[in-house]
Amino acid sequence: MAKYDHYVDGEWVAGEGEDFESHNPATGETLGTFPRATQSEVETAIEAANDAAEAWRDHSHVDRAEYLWEIYHELRDRHEELGEIVSMECGKEIGEGKADVTEAWHMVEWAAGDARHPRGDVVPSEIASKDAYMRRKPRGVVGCITPWNFPVAIPFWHMAVSLVEGNTVVWKPAEQTPWCGQVIAEMFDDAGIPDGVFNMIQGFGDAGADIVDGDVDTVLFTGSAEVGHEIARQVAADPAKNASCEMGGKNAVVVTEEADLDVAVHSAVMSSFKTTGQRCVSSERLVVHADVYDEFKRRFVDLAESVAVGDPLDPETFMGPVVDADQVEKFHRYNDLAREEGAAVLVDRADLAAEEIPDGHADGHWVGPFVYEIDYEPDLRCLNEEVFGPHVALVEYDGGIDRALEIHNDVEYGLAGAIVSEDYRQINRYRDRAEVGLAYGNLPCIGAEVQLPFGGVKKSGNGAPSARGVIEAVTERTAWTLNNSSEIELAQGLSADITTEE
Ligand code: UN1
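Per the working numbering, the sequence shown starts with residue 83, numbered consecutively.
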């Protein structure tokens, strides 16, 4: 089995830390051995990125983007192969594994294409002889910490824009998906990116913390709320640094009495069970009007009973396994909690039946849908805390759209949500009042395109570390004013005369 390295300063570096293994969550099979970065290895990577920063920022945006176009083509050429690696390493079904790679090249295309678009603003001045502009400069070194559930797409959300804008990067892939990290690093190596501009170190949370503590200018983080809030707090204490963090959600789909139930059921199943509920935009709450509740429930339950859980490499599979044993344990813990809090269980495939587990996959992390109904009360933990699995509550409401919104917004998170309704007044009310960063009408609350600002409000994050949001995080603005006259004239009626004592 292959043993892989870190990629630092243009070299593959063996690393002196302990080794760790990557496992296939569907089979338990070991996929590769990786070095766990030590603090001094993280520091060396950050030093390389700092040393490379000056020369990299001297390239034009268009020249920097050329390296990314190379990667864009390699992502497309290796679509099938890399899609399978994603499926094998994080357990997503193959269609989603391939979509992860597609999302990655879309992001690279956006960032590299953006290199030829205007940047900054021309700002009018009060003084006719002055030209004023808003210009952007790279911040320097960007530390990127990415999750396992989009192991190819999200690294490119962070890194593609950071690099085109003239920053160098130090990246730590999730410890569950180091092989995807390895392949991405190979692509940067193939593209011939200058030494030190792109650095990848493998490791766990301690290595992530060393990036955050290290000599980096910006931290981009996508992952759990627990870790993200700690990073945001730590970075806020250092005025020289900034952080853009995207964390989880306790997302809801609202189905009103005016809903087309075909759209509602389809949207809810996609929102709750795609990626086995392991998207930060997955929906664990379905808030359904009393008039349509019984029919919606019957149809949703039927599908939850029958969605195909199985081998992620089989194109007939809808849901693969969850990523690891910790996720299985958390899922069961929250299912038990829901029961304790008074849930009436409607579908319990949590312990997947032995005959549903594909041959040769007994060591996989298998779970199936767990669906329950519960009377809404504000403080129920099962309606407030993110599980990150196919754990779904049906909550019935009575009254107008504002009652649905009250329930929808009554969580600390605010990432994604959807409304299903044929009534434009209800839809627009939801659009204006739903406390989320990504809102959908008559659609699932998953599947955002890369050119949208991806990020949430409230506990779900700040700064949206994708597309335009990344530009904000990884550049500094300069308000630049040039005088075209040999006289100095100031704005606000401020006198430019120098009076002397004579
Ligand atoms: C995530 O949920 O962790 O919007 C990222 C989507 C994807 C990205 C999801 N484009 O569903």
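Using N, Cα and C, we set each Cβ at its ideal position, and we do this for glycine too.
- Between the region 305 to 323 and the region 282 to 294 there are three or more inter-stretch CB-CB distances shorter than 8 Å, so the stretches are counted as touching.
- For Arg361, the shortest C-beta to heavy atom distance toward the ligand UN1 is below 7 Å.
- Just so you know, the alpha carbons of Ser548 and Asp288 end up roughly 24 Å apart.
- The beta carbon of Glu328 is closer than 6 Å to those of Thr304, Gly537, Gly543, Pro547 in its chain, skipping five residues each way along the sequence.
- Taking the Cβ of Gly529 as the reference point, at least one heavy atom of the ligand UN1 falls within a distance shorter than 7 Å.
- Residue burial annotation: Arg118 is buried, with at least 16 other C-beta atoms found within 10 angstroms of its C-beta.
- Scanning Glu268, Met282, Pro260, Trp239 for the CA closest to the CA of Val252 turns up Met282.
- From the listed residues His88, Arg559, Ala435, the smallest Cα separation to Phe116 is found for His88.
- Around the beta carbon of Arg380, fewer than 16 other beta carbons sit within 10 angstroms, so the residue counts as exposed.
- The three-state reading of DSSP puts Arg201 in coil, since its state is none of H, G, I, E or B.
- In terms of CA proximity to Ala134, Asn249 leads the group Asn249, Gly359, Asp396, Ala186.
- Secondary structure within the region 447 to 525: the beta strand (DSSP E) runs of 3 or more consecutive residues, fully enclosed, are 452 to 455, 473 to 479, 498 to 502, 520 to 523 (chain order).
- With a cutoff of 8 Å on beta-carbon distance, Tyr375 and Glu478 are scored as near each other.
- For Met401, no beta strand (DSSP E) segment is defined, and its DSSP state is neither H nor E.
- The closest heavy atom of the ligand UN1 lies 7 Å or more from the beta carbon of Asn281.
- The beta carbon of Ile570 sits closer than 8 Å to the beta carbons of Ala578 from its chain, once the five residues preceding and following it are set aside; these are given in chain order.
- Between Thr300 and Arg217, the C-beta gap is not smaller than 8 Å, which leaves the two residues out of contact.
- From the listed residues Asp396, Arg361, Thr338, the smallest Cα separation to Phe378 is found for Thr338.
- Leu434 and Val449 do touch by the CB rule: their CB atoms are close to 6 Å apart, below 8 Å.
- The C-alpha of Glu156 lies about 15 Å from the C-alpha of Gly263.
- The residue from Arg515, Gly195, Leu525 with its alpha-carbon nearest to that of Val502 is Leu525.
- Here the distance from the Cβ of Phe232 to the nearest heavy atom of the ligand UN1 is below 7 Å.
- For Lys180, no beta strand (DSSP E) segment is defined; the enclosing uninterrupted segment is the alpha helix (DSSP H) at 176 to 196.
- Beta-bridge partners of Ser349 (DSSP): none assigned.
- Between Asp91 and Val298, the alpha-carbon positions lie close to 16 Å from each other.
- Within its own chain, the residues whose Cβ lies closer than 6 Å to the Cβ of Glu103, once the five positions on either side in sequence are excluded, are Thr112, Thr115, listed in chain order.
- Around the beta carbon of Tyr215, fewer than 16 other beta carbons lie within 10 angstroms, which makes this residue exposed.
- Three or more Cβ pairs drawn from the region 138 to 145 and the region 197 to 206 lie within less than 8 Å of each other, which places the two stretches in contact.
- The alpha-carbon separation between Ser364 and Val265 amounts to approximately 27 Å.
- Remark: the C-beta of Glu185 is in contact range of the ligand UN1, defined as less than 7 Å to any heavy atom.
- When secondary structure is reduced to three states using DSSP, Phe270 falls in the helix class.
- By the neighbour-count criterion, in which a residue is buried when 16 or more other Cβ atoms sit within 10 angstroms of its Cβ, Arg507 is exposed.
- Where Gly310 is concerned, the enclosing alpha helix (DSSP H) starts and stops at 307 to 318.
- The Cβ atoms of Glu387 and Val469 lie no closer than 8 Å to each other.
- Sequence-distant partners of Phe280 (beyond 5 residues in either direction) whose C-beta falls short of 6 Å from its own C-beta, in its chain, are Val251, Phe270.
- Of the candidates Tyr86, Ile528, Val493, Val493 places its Cα closest to the Cα of Arg463.
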